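S.K.: Just so you know, the sequences run in chain order A and B.
The number in the working numbering is simply the position in the first sequence, starting from 1, with 3 added.
The number in the working numbering is simply the position in the second sequence, starting from 1, with 300 added.
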Amino acid sequence: GESVGLHLPTLSVQEGDNSIINCAYSNSASDYFIWYKQESGKGPQFIIDIRSNMDKRQGQRVTVLLNKTVKHLSLQIAATQPGDSAVYFCAENIRSAQKLVFGQGTRLTINP
Amino acid sequence: GAVVSQHPSWVICKSGTSVKIECRSLDFQATTMFWYRQFPKQSLMLMATSNEGSKATYEQGVEKDKFLINHASLTLSTLTVTSAHPEDSSFYICSARPFRLAGGSYNEQFFGPGTRLTVL
Numbered sequence: 004g005e006s007v008g009l010h011l012p013t014l015s016v017q018e019g020d021n022s023i024i025n026c027a028y029s030n031s032a033s034d035y036f037i038w039y040k041q042e043s044g045k046g047p048q049f050i051i052d053i054r055s056n057m058d059k060r061q062g063q064r065v066t067v068l069l070n071k072t073v074k075h076l077s078l079q080i081a082a083t084q085p086g087d088s089a090v091y092f093c094a095e096n097i098r099s100a101q102k103l104v105f106g107q108g109t110r111l112t113i114n115p
Numbered sequence: 301g302a303v304v305s306q307h308p309s310w311v312i313c314k315s316g317t318s319v320k321i322e323c324r325s326l327d328f329q330a331t332t333m334f335w336y337r338q339f340p341k342q343s344l345m346l347m348a349t350s351n352e353g354s355k356a357t358y359e360q361g362v363e364k365d366k367f368l369i370n371h372a373s374l375t376l377s378t379l380t381v382t383s384a385h386p387e388d389s390s391f392y393i394c395s396a397r398p399f400r401l402a403g404g405s406y407n408e409q410f411f412g413p414g415t416r417l418t419v420l
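#1: Taking Cβ-Cβ distances shorter than 7 Å, what residues in chain E pair up with Q107 (chain A)?
#2: When you compare only the Cα positions, how much space is there between Q63 (chain A) and S318 (chain B)?
#3: Pairs of beta-carbons, one from the segment 337-356 of chain B and one from the segment 305-313 of chain B, closer than 8 Å: are there three or more?
#4: Report buried or exposed for G108 (chain A), applying the criterion of at least 16 other Cβ atoms within 10 angstroms of its Cβ.
#5: Restricting to runs no shorter than 3 residues, where is the beta strand (DSSP E) found entirely within the segment 25-84 of chain A?
#6: Please work out which residues of its chain come closer than 8 Å, Cβ to Cβ, to F367 (chain B), disregarding the five sequence neighbours upstream and downstream, and give them in chain order.
#7: Under 8 Å between C-beta atoms, does L346 (chain B) make it to chain A?
#8: How would you call D388 (chain B), buried or exposed, if buried means at least 16 neighbouring beta carbons within 10 angstroms?
#9: Apart from the five residues on each side of it in sequence, which residues of its chain come closer than 6 Å, Cβ to Cβ, to P47 (chain A)?
#10: Just how far apart, CA to CA, sit L417 (chain B) and I321 (chain B)?
#11: Using the Cβ count rule (16 or more neighbours within 10 Å means buried), how would you classify Q339 (chain B)?
#12: P115 (chain A) by DSSP, collapsed to three states: which one?
#13: If distances are taken between C-alpha atoms only, which option among A:A82, A:V16 and A:I37 comes closest to V67 (chain A)?
#14: Is it right to say V419 (chain B) is buried, meaning 16 or more other beta carbons lie within 10 angstroms of its own, or is it exposed?
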């Protein structure tokens, strides 16, 4: 299930199931969105990105969906594996400032 | 390709001392580097944007005299935490944006592995 902790929401899924991680963004002028995976004690690792003129993009085992109407982004991971355990962050590119703004993150845990 | 390194990976220092963290792009040139800070169980917060050969642009609330940034070359940026205090203890992460001849809004960034700073 999904729960909200003091700082970091957590999503627990069974190994082999699909995971859906959600993110709300704030700036209508953002032109580019990225999902990152961060393992404990490491820097963010690029997963997949999507431009604002698209609503869906697929990668290997991952799909990103963008709904600009409600400013919502999601990351779908198919057939979740133990190695997918990490914190996942969405980020939006503020075009005018040329900087990334990160969302709060979601911790994904895999149950065997 | 597109590897960013940070040094040191972790550092422990006494309160009142200064600490320098290096960020290097190993196989590409980066006209722009970014410094982020991440507290436990929180997201990455941008501290400053560093452009080679010019002064850094700091985000609101970040003290430029406390967090000194130098971007002396296209492959190296440094962050110096001056007179560090326990509340500065955090995970500091840099990223680098490759130099591109073409214009456009693409803001591709490659992230370093982070530096854990602990101030006693």
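In this text, a Cβ means the ideal position worked out from N, Cα and C, and glycines have one as well.
All values derive from a computational prediction rather than experimental measurement.
M.R.: So, from the listed chains and residues:
#1: The chain labelled as chain E is not found among the protein chains of the depicted structure, namely A and B.
#2: For the purposes of this step, residue 63 (chain A) is taken as residue 60 along the first sequence, with counting starting at 1. For the purposes of this step, residue 318 (chain B) is taken as residue 18 along the second sequence, with counting starting at 1. For Q63 (chain A) and S318 (chain B), the distance between alpha carbons rounds to 44 Å.
#3: Short answer: they don't touch.
#4: As a position in the first sequence, residue 108 (chain A) is number 105, starting the count at 1. Flag for G108 (chain A) reads buried.
#5: Whole beta strand (DSSP E) segments, 3+ residues: 33-41, 48-54, 59-61, 65-70 and 75-80.
#6: For this step, residue 367 (chain B) is matched to residue 67 along the second sequence. Excluding sequence neighbours, F367 (chain B) sits near W335, M347, A348, Y358, L379, T380, V381 and T382.
#7: Residue 346 (chain B) sits at position 46 when you count from the first residue of the second sequence. Yes, its Cβ sits closer than 8 Å to a Cβ of chain A.
#8: Locating residue 388 (chain B) in the second sequence gives position 88, where the first residue counts as 1. It counts as buried.
#9: Counted from its first residue, the first sequence places residue 47 (chain A) at position 44. So the list reads Y39 and Q41, once near-sequence residues are dropped.
#10: Within the second sequence, residue 417 (chain B) is the residue found at index 117, counting from 1. Within the second sequence, residue 321 (chain B) is the residue found at index 21, counting from 1. Their Cα atoms are separated by approximately 9 Å.
#11: Mapped onto the second sequence, residue 339 (chain B) falls at position 39. Checking the displayed sequence, the identity of residue 339 (chain B) turns out to be Phe instead of Gln. F339 (chain B) should be labelled exposed.
#12: Within the first sequence, the letter at position 112 stands for residue 115 (chain A). Three-state DSSP puts P115 (chain A) in coil, outside helix and strand.
#13: As a working mapping, residue 67 (chain A) is identified with position 64 in the first sequence. Closest by C-alpha distance to V67 (chain A), out of A:A82, A:V16 and A:I37, is A:I37.
#14: As a first step, residue 419 (chain B) must be located in the second sequence, where it is residue number 119. With 16 or more other Cβ atoms within 10 Å, it is buried.
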